[in-house]
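J.:
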Amino acid sequence: MSGDPVVPEIDTLVHEPARLRLLTYLALLERADFVYLLGQSGLSKGNLSVQMGKLSAAGLVQVDKEFVDNRPRTTYTLTSAGRTRLARYRQTLDSILTALPRA
Amino acid sequence: MMSAAGNLQSRVLKSSWNDGLIDLFAGIGVLVIGVSWHFHFAALGGIAPALLVPLWQPLRRRLVEPRTGYMEFGEQTRLRLSRSLLTMLLLGVGTLGLGVATYFYAGGGVLTADVKLIAGLPAFLIGFAALVAGFSFGIPRFPLYALVLIGGGVITALLGLEPAPAMMAGGSAAALVGAVVLGRFLKDHPVVDEQAR
């Protein structure tokens, strides 16, 4: 059986809690570096690195590497594709939550 | 009611002042203005902010960013900050204009009016600016300094004191609290090496 599902599918790349948190920070800020997101998200370095790698590979986040005061700094910016995807995710979630019967 | 995004932005903005550096710099600035006023060396009062403002960013980059990271506010927050700065400036100019107008009106245009009231105006104005900055930028400790400065301004006016001590008191309070908060921040937040993953 195929066709449009009545309940829309959720974008799992965005929906994953750690990634959603990171994307929300990047949507609120112009850009943020690894250390800032590490402190704010509460994720481990490894997890943050992995999640950012996935978001970057999907084109949702732009990664810039530079040296500041002889220290490496990785900065992340939400791309326009990322903004669009986040907006679409919000629409989908809104429609699901609106349709959901109240207990 | 504030939207969820607005609420999150406010929390992000508020968390960016946790290091105490802004308190320390603002405090030193006001303290220098007060001291220079006291010793009738007003030029130093003007130079101090001009020296402190360019120092703030490099010091923040060296002390704060290696510990809590670097970020740039989004356009919405930047617009909000600009609007707050403009409001502060307009309120300051307006209050000053009102004070000067009252002064001349009371003295009939002659500088013999009650100088006592005017003596409290500088501390009052700086305190008022601190209050607006505290609420607009979400700097939690600024209303406390505003209280010291505005209270000092009122006491100065009522008792006919010199203008400088009230500014020195407010500046010292901010600088001291800022130094303590910064010290604690440096102790509690070790430098994070992003490469050591």
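From first to last, the protein sequence lines are chains A and B.
Read in order, the letters of the first sequence correspond to residues 1 to 103 in the numbering used here.
Read in order, the letters of the second sequence correspond to residues 1001 to 1197 in the numbering used here.
Idealized CB from N, CA, C, for every residue including glycine.
Just so we're clear, the structure is a prediction, and the values are computed from it rather than from any experiment.
For B/A1123, count neighbouring Cβ atoms within 10 angstroms of its own Cβ and tell me buried if that reaches 16, exposed if not.
T.: The residue is buried, with at least 16 neighbouring Cβ atoms inside 10 Å.
J.: Is the distance from the Cβ of B/I1118 to the Cβ of B/L1149 below 9 Å?
T.: The answer is no: Cβ separation not under 9 Å.
J.: Give the secondary structure of B/Y1070 by DSSP, where H, G and I count as helix, E and B as strand, and everything else as coil.
T.: Coil at B/Y1070, not helix or strand.
J.: Using the rule of at least 16 other Cβ atoms within 10 Å of the residue's Cβ for burial, across every protein chain shown, is B/I1033 buried or exposed?
T.: B/I1033 is buried by the Cβ-count criterion.
J.: According to the neighbour-count rule (16 or more other Cβ atoms, all chains shown, within 10 Å of its Cβ), is B/Q1195 buried or exposed?
T.: Flag for B/Q1195 reads exposed.
J.: Just reading off the beta strand (DSSP E) that A/P72 is part of, what are its end residues?
T.: Unbroken beta strand (DSSP E) run through A/P72: R71 to L78.
J.: So A/V35 contacts chain B; which residues on that side make the cut at Cβ distance below 8 Å?
T.: Under the 8 Å cutoff, chain B gives E1065, P1066, R1067, T1068, G1069, Y1070, V1192 and E1194.
J.: With a threshold of 16 other CB atoms inside 10 Å of the CB of A/S44, please say whether the residue is buried or exposed.
T.: Per the 10 Å Cβ criterion, exposed.
J.: Along chain A, which residues have their Cβ under 9 Å away from the Cβ of B/V1012?
T.: By Cβ distance, chain A contributes Y25, L28, L29 and Q40.
J.: How far does the alpha helix (DSSP H) with A/R102 in it reach, from first residue to last?
T.: No alpha helix (DSSP H) contains A/R102, which DSSP labels as neither H nor E.
J.: Closest Cβ-Cβ distance between B/Q1057 and chain A: below 9 Å?
T.: So no, B/Q1057 is outside the interface.
J.: Using a Cβ cut-off of 9 Å (strictly closer), state whether B/F1185 contacts chain A.
T.: Answer no: the Cβ-Cβ gap between B/F1185 and chain A never drops below 9 Å.
J.: Is the number of C-beta pairs between the region 82–89 of chain A and the region 20–35 of chain A that are closer than 8 Å three or more?
T.: Touching, per the Cβ criterion.
J.: Output the distance between the C-alpha atoms of A/L108 and B/S1016, rounded to the nearest integer angstrom.
T.: The structure shown does not extend to residue 108 of chain A, since chain A spans only 1 to 103, so no value can be given for it.
J.: Taking beta-carbon pairs under 8 Å, can you tell me which members of the region 72–99 of chain A lie near chain B?
T.: Listed in sequence order: P72, R73, T74 and T75.
J.: Whole angstroms is fine: what's the gap from B/A1179's alpha carbon to B/P1054's?
T.: Their Cα atoms are separated by approximately 19 Å.
J.: So A/A57 contacts chain B; which residues on that side make the cut at Cβ distance below 7 Å?
T.: Those do not exist, as A/A57 stays about 17 Å from chain B at its closest Cβ, beyond 7 Å.
J.: Alpha carbon to alpha carbon, how far is B/A1166 from B/G1074? Give it in angstroms, no decimals.
T.: So the two alpha carbons sit approximately 37 Å from each other.
J.: In whole angstroms, give me the CA-to-CA distance for A/L55 and B/P1049.
T.: The straight-line gap from Cα to Cα measures roughly 43 Å.
J.: According to DSSP, which residues form a beta bridge with A/E9?
T.: Answer by DSSP bridge pairing: none, since A/E9 is not bridged.
J.: What residue range is occupied by the uninterrupted beta strand (DSSP E) comprising A/L29?
T.: A/L29 -> beta strand (DSSP E) spans L29 to D33.
J.: Name, in chain order, the residues that DSSP records as bridge partners for A/E16.
T.: In the DSSP output, where bridge partners are listed per residue, A/E16 has none listed.
J.: Assuming the contact rule is C-beta atoms closer than 8 Å, B/G1120 and B/V1030 should be a hit. Round their C-beta distance to whole Å, please.
T.: Between B/V1030 and B/G1120 the Cβ distance is about 15 Å, and since that is not below 8 Å, they are no contact.
J.: How long is the line joining the alpha carbons of B/K1014 and B/R1062, rounded to whole angstroms?
T.: Cα to Cα, B/K1014 sits roughly 20 Å from B/R1062.
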